[in-house]
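Numbering (the numbering used here), first residue to last: 207 to 541.
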């Protein structure tokens, strides 16, 4: 199978490196100089410096060349540029191709998940061929060959099983799921929670506080994910709890690093200006709050993170507001 991976950030490059030894794989980079560096050095110096990439992996800055004839198109473009790049590529994407999103975010304004954006941008591609690869997947660890697991969610189980074979390796275990909505929603919302977890670490709180925060974050994203149409058990799996744990606890997580710096007293603009890669949660938080409002749901963690990001709420006040909420039944809203 010929595979095109669109987006040469850390995760797009990692996924391309998994697939390349199995067959023809082309990685599209927006900047020609990055594509050339990947081809000549077999490394991604901007996003995965020091880690070797497979010699079989080829990079290009030519979008037409990347996607023409591809039977699988993997989209690893950040949410704010996702639609633009996909619409550019659309004339050369075959209607019979499978299209998989790696992006854990929501489109600002429309509040659409990335698979919904794909369906709009590529109306000729059958809905059962559009899905998502998601899970607790920190790119550097995966490229370094450390054990990890993920889930490929497609509406059609048989297509999911084909993609499972493509993505699966000895170190990278891939499971299947048909709950695209739940898998994708969990991946987007956990980034918001990771910012809050980073704040807790930045304020110097210990594991009791972090465990409580992560568990209540899971309850919150499950409530909203179910309202969108996701299945409860999906949120207890790799796309939900698994990804939430990795993102909330790892300093490799961009969203966690944003929260950590905020908890240490730094300003958001200064933090973002120093980052090479996008922290999706900074943009996604507002969309999550708007989605919750649309469904009449209370999302206290997302709301407090939003107030901190967009209104300058002091991190200590954010924590105090969450701790001051009335106690209630643990499973309210997710029975």
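For every residue, glycine included, the Cβ atom is placed at its ideal position computed from N, Cα and C.
Beta-carbon to beta-carbon, residue 384 and residue 359 are separated by about 7 Å, close enough to satisfy the 8 Å threshold. Residues 434, 435 and 436 of the same chain have their beta carbon placed closer than 6 Å to that of residue 387, with the five preceding and five following residues left out of the count.
DSSP places residue 298 outside any beta strand (DSSP E), giving it a letter other than H or E. Contact check for residue 456 and residue 344: beta-carbon distance about 6 Å, within the 8 Å limit, so the pair qualifies. For the set 212, 526 and 403, the Cα lying nearest the Cα of residue 295 is the one of 212. Look at residue 332 here: in three-state DSSP terms it is coil, with no helix or strand label. Linking residue 382 to residue 370 through their CA atoms gives a straight-line distance of about 7 Å.
DSSP places residue 312 within a strand segment (E or B) once states are collapsed to three.
About 13 Å separates the Cβ atoms of residue 298 and residue 331, ruling out a contact at the 8 Å cut-off. Per the coordinates, the alpha-carbon of residue 391 lies some 13 Å from the alpha-carbon of residue 399.
Residue 516 counts as exposed, since fewer than 16 other beta carbons sit within 10 angstroms of its beta carbon. Residue pairing of residue 337 in beta bridges, as defined by DSSP: 306. Under the three-state reduction of DSSP, residue 281 is assigned to strand. Per DSSP, the continuous alpha helix (DSSP H) segment holding residue 371 begins and ends at 363-373. Nearest in C-alpha terms to residue 367, of all of 288, 377, 337 and 445, is 337.
Looking at 469, 511, 346 and 286, the one whose alpha-carbon comes closest to that of residue 411 is 469. If you look at residue 441, you'll find it isn't in any beta strand (DSSP E); DSSP assigns it neither H nor E.
Counting only unbroken stretches of 3 or more residues, the beta strand (DSSP E) elements lying wholly within the segment 227-298 are 231-234, 264-266 and 278-281, in sequence order.
Counting only residues of its own chain and dropping the five nearest sequence neighbours on each side, residue 513 has a CB closer than 6 Å to the CB of 519.
Judged by beta-carbon spacing, residue 348 lies within the 8 Å limit of residue 220, meaning their Cβ atoms are closer than that value. When only Cα atoms are considered, residue 453 and residue 531 end up about 25 Å apart. The three-state secondary structure of residue 343, taken from DSSP, is coil.
Assigned with DSSP and collapsed to three states, residue 459 falls in coil, not helix or strand. Counting C-beta atoms within 10 angstroms of its own C-beta, residue 526 has fewer than 16 neighbours from the protein chains shown and is therefore classed as exposed.
Residue 531 sits in coil when the DSSP states are folded into three classes, being neither helix nor strand. In the DSSP assignment, residue 382 falls within the unbroken beta strand (DSSP E) covering 378-383. Where residue 540 is concerned, there is no enclosing beta strand (DSSP E), because DSSP gives it neither an H nor an E.
Relative to residue 285, the option among 269, 307, 271 and 302 whose CA is nearest is 307.
Taking all protein chains in view, the Cβ of residue 523 is surrounded by fewer than 16 other Cβ atoms within 10 Å, so the residue is classified as exposed.
Under the three-state reduction of DSSP output, residue 319 falls in the strand class.
According to DSSP, residue 223 shares a beta bridge with no other residue.
If you draw a straight line from the Cα of residue 460 to the Cα of residue 475, it is about 14 Å long. Excluding residues up to 5 positions away in sequence, nothing lies with its Cβ nearer than 8 Å to the Cβ of residue 473 in the same chain. Between residue 424 and residue 404, the gap from beta carbon to beta carbon reaches 8 Å or more.
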